Structure formats: C-alpha cells, structure tokens
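Everything in the sequence shown is counted per this note's numbering, starting at 84 for the first residue and increasing by one. Here is the structure we will look at.
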Amino acid sequence: MLISLRCPVVIQIFGVNVMALYMMQIKYTREAIKDIAESGSNREDAVRPLIEKCGGKLINFYGLVGQEYNIVLIVEFNDLPNYLGMALSGILGGAIADWKTVQLFTAEEMVAATETYRATKEVYSPPPSK
C-alpha cells in the first residue's frame, strides 16, 4: 500500500485524500439548552451547513440523555485544520460549554496499524525495568 504524508494532517493513499472520522461530543450551556427546548430548533439542520462549508460531511447526529455531553456528531474530514476550523466556529458561537474530539478508526485501519506494528516492533526498545 502506497501511503504519502505530503502534509502532516492530510493522509493520501494512491494520491487520494483519505477522509478521517471524528466523534465530537458537545455539552451545551444551560442557556443554550433552554433556548433549544423553547424554540424547538433542529440543531442537526443548523450544524450540517457549517460542516459542509468547512469541507466535511455529517455522518450522524445523536442526542444524549443523562450523560456529561448533550450531543454527539460523527463527521468526516480530509484534514485536521478544516475540522478544527469547523469546531472553533461552533464553539466560539457561545452555545457550547465544553467539547471533546475522538478520532475513530475502521476495522480495516486497525488491521493496517497492526501490520505497521509487526513491521516496526524491533525498532523501538522500551526503557529498562529496575
């Protein structure tokens, strides 16, 4: 498999940008939750144009109950700066109290990682034990 890291945040395989999946957990401010509840605003419809404008794709949007965060977005982006730009646009709008990002990996990507591990495991040696 030919992998090119032309830019540290854009992965290309066979000259094609690979889309990375991210899970974005969002915690709204108390005021934002009240405004959403009173207005009946569909936040999926509100966030989709922002994600697309930043070059991403909204895969799924989930509401959470009884958790630390209120919603989870699953998004796909081909580079980290565009993802972070999208996140900043949302965060700096004032309705988000906290957020967390987790990059997601497919089973195929995990298998590829184990192949890299097996090919390179002799290169690194851990610190000696006492």
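Yeah, the Cβ is synthetic: ideal placement off N, Cα and C, and Gly gets one too. These figures come from a predicted structure and were not determined experimentally.
- Note that the C-beta distance between I179 and Y111 is below 9 Å.
- Boundaries of the beta strand (DSSP E) harbouring L187: 179-187, taken from the DSSP string.
- Straight across, the Cα-Cα distance linking V158 with Y145 is about 12 Å.
- Annotated three-state conformation of K140 is strand, per DSSP.
- DSSP places V148 outside both helix and strand once states are collapsed to three, so it counts as coil.
- Membership of V206 in any alpha helix (DSSP H) is not indicated, and neither H nor E is assigned to it by DSSP.
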